[in-house]
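Structure, as structure tokens:
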Amino acid sequence: MKNVFRKIACRSTRVMMKSDLLWSMAQRLPNHDFFHRQRYPVIHKRARAQCADLLNDRTVIAGPFAGLRYAREAAVGSSLWPKLLGTYESELRPCFEAIKQNTSYRQVVDVGFAEGFYLVGLGRHFPEAQLVGFDTEDEAKKLCQANATANGIDEDRLKLFGGFDADAFRNELQSDSLVVVDCEGFENQVVDSLSEDELSKADWLIESHDHLVEGTTDRLKLAFQKTHEIEEVVTDRDLVTKQSLLPASVRDRCSAYVQEALVSEGRMAEQKWIFATRRKAA
Numbered sequence: 043m044k045n046v047f048r049k050i051a052c053r054s055t056r057v058m059m060k061s062d063l064l065w066s067m068a069q070r071l072p073n074h075d076f077f078h079r080q081r082y083p084v085i086h087k088r089a090r091a092q093c094a095d096l097l098n099d100r101t102v103i104a105g106p107f108a109g110l111r112y113a114r115e116a117a118v119g120s121s122l123w124p125k126l127l128g129t130y131e132s133e134l135r136p137c138f139e140a141i142k143q144n145t146s147y148r149q150v151v152d153v154g155f156a157e158g159f160y161l162v163g164l165g166r167h168f169p170e171a172q173l174v175g176f177d178t179e180d181e182a183k184k185l186c187q188a189n190a191t192a193n194g195i196d197e198d199r200l201k202l203f204g205g206f207d208a209d210a211f212r213n214e215l216q217s218d219s220l221v222v223v224d225c226e227g228f229e230n231q232v233v234d235s236l237s238e239d240e241l242s243k244a245d246w247l248i249e250s251h252d253h254l255v256e257g258t259t260d261r262l263k264l265a266f267q268k269t270h271e272i273e274e275v276v277t278d279r280d281l282v283t284k285q286s287l288l289p290a291s292v293r294d295r296c297s298a299y300v301q302e303a304l305v306s307e308g309r310m311a312e313q314k315w316i317f318a319t320r321r322k323a324a
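Residue numbers for the sequence shown follow our numbering, beginning at 43 and rising by one.
Structure below.
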């Protein structure tokens with residue numbers, strides 16, 4: 043009986059949460075998480091209706107990877123909307139602008155490549171670079187291969203592995219590489235698998251998950267302090283900032299609440315990135 047009443051309460055609340063006015067009132071309540079859970083599917087349904095053309099086109103419309111095409115309406119381990127709209131991990135825009143200025147990269151390695159947003163996106167910008175990825179998800183491998191094909195990346199440029207393998211990583215890593223790491227707390231093992239000389243083969247962009255493994259950011263900075271210039275970037279969870287990055291064509295058609303839903307990455311904790319670039323020889 044308790045479950046029946048709960049289902050009725052959820053359905054009733056979901057209907058009420060269609061009202062922006064009631065939602066604004068609910069946010070002021072001490073326990074607003076329940077209302078947020080009921081609001082979420084409502085507002086995302088509204089977003090899909092208002093931006094159906096973007097989903098149908100499946101092309102990133104702004105940001106460092108504008109023009110990147112998705113083979114399917116799917117992402118792995120993250121929301122697709124921020125990626126299509128170009129607001130995903132927008133705090134990294136200066137890093138990617140710096141990366142794109144570097145013409146020497148012969149290889150891009152992505153540990154935790156998901157559907158290939160970064161691996162394929164960078165592969166488009168560096169058409170001569172070899173692309174190597176590691177990810178534990180079978181679906182990630184399928185989607186990444188499909189997205190690579192959709193963006194005209196030849197099969198002989200792309201090599202995808204399953205879960206991280208230290209020996210394969212060392213064997214594949216070339217000089218003048220860029221390594222992107224986002225593997226939910228496993229980043230320490232990735233860096234620890236290499237010697238100082240091997241670390242020096244590449245520039246690194248690593249998301250650190252201190253909330254999963256305490257002290258990760260400090261540990262990573264220590265690993266690179268002798269060989270790299272280190273920049274620490276804090277993830278931006280301010281939805282207002284991200285909304286300001288939306289193209290005018292999206293802001294004009296969507297309410298502030300829908301814009302919020304579109305740019306939200308669902309981050310529950312502050313995270314950081316380490317951008318480590320090799321020091322130039324004196």
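Virtual Cβ for every residue (Gly too), placed ideally from N, Cα, C. A quick note: this is a predicted structure, and the numbers were derived from the prediction, not measured.
Which whole-angstrom value describes the C-beta separation of residue 150 and residue 122, a residue pair presumed to lie in contact below a C-beta threshold of 8 Å? Here residue 150 refers to the residue found at position 108 when the sequence shown is read from its first residue. Here residue 122 refers to the residue found at position 80 when the sequence shown is read from its first residue. The beta-carbon distance between residue 150 and residue 122, rounded to whole angstroms, is 22 Å. This is too long to meet the 8 Å contact definition.
With DSSP as the reference, label residue 141 as helix, strand or coil. As a position in the sequence shown, residue 141 is number 99, starting the count at 1. In the three-state DSSP reduction, residue 141 falls in the helix class (H, G or I).
Do residue 128 and residue 108 have their C-beta atoms within less than 8 Å of each other? Here the question's residue 128 lines up with position 86 in the sequence shown. Here the question's residue 108 lines up with position 66 in the sequence shown. Their beta carbons are under 8 Å apart, which means residue 128 touches residue 108 by this criterion.
With which residues is residue 242 paired in a DSSP beta bridge? By one-based count along the sequence shown, residue 242 stands at place 200. DSSP, once it has assigned bridges, lists no residue as partnering residue 242.
So, residue 285 versus residue 302, is the Cβ gap smaller than 8 Å? Position 243 of the sequence shown, counted from the start, is the residue given in the question as residue 285. Position 260 of the sequence shown, counted from the start, is the residue given in the question as residue 302. Between residue 285 and residue 302, the C-beta spacing is below 8 Å.
In whole angstroms, what is the alpha-carbon distance linking residue 288 and residue 97? Residue mapping note: residue 288 aligns to position 246 of the sequence shown, counting from 1. Residue mapping note: residue 97 aligns to position 55 of the sequence shown, counting from 1. In this structure, the alpha-carbon of residue 288 lies about 15 Å from that of residue 97.
Backbone CA spacing between residue 104 and residue 85 [nearest angstrom]: For this step, residue 104 is matched to residue 62 along the sequence shown. For this step, residue 85 is matched to residue 43 along the sequence shown. If I take the Cα positions, the gap works out to 22 Å.
How would you label residue 51, buried or exposed, when you count the other beta carbons within 10 angstroms and need 16 or more for buried? By one-based count along the sequence shown, residue 51 stands at place 9. Note that residue 51 has pLDDT 49, beneath the 50 cutoff, so the model's placement of it is unreliable and the number below is only indicative. Around the beta carbon of residue 51, fewer than 16 other beta carbons lie within 10 angstroms, which makes this residue exposed.
What does the alpha-carbon distance come out to for the pair residue 154 and residue 251? For the purposes of this step, residue 154 is taken as the residue at position 112 of the sequence shown. For the purposes of this step, residue 251 is taken as the residue at position 209 of the sequence shown. Each residue's alpha carbon lies about 13 Å from the other.
Helix, strand or coil for residue 305 per DSSP? If you number the sequence shown from 1, residue 305 lands on position 263. Note: residue 305 maps to helix in three-state DSSP.
Host beta strand (DSSP E) of residue 270 (start-end): Position 228 of the sequence shown, counted from the first residue, corresponds to residue 270. Annotation: the continuous beta strand (DSSP E) that includes residue 270 extends over 270 to 276.
Measuring CB atoms only, is the segment 156 to 167 touching the segment 108 to 120, in the sense that at least three cross pairs come out at less than 8 Å? Touching, yes.
Contact defined as beta carbons within less than 8 Å: I believe residue 319 pairs with residue 270. What is the distance between those atoms, to the nearest angstrom? Counted from its first residue, the sequence shown places residue 319 at position 277. Counted from its first residue, the sequence shown places residue 270 at position 228. Yes, residue 319 and residue 270 are in contact; Cβ-Cβ is about 6 Å, under 8 Å.
Pull the bridge partners of residue 103 from the DSSP assignment, please. In the sequence shown, counting from the first residue as 1, residue 103 sits at position 61. Secondary-structure assignment with DSSP links residue 103 through no beta bridge to anything.
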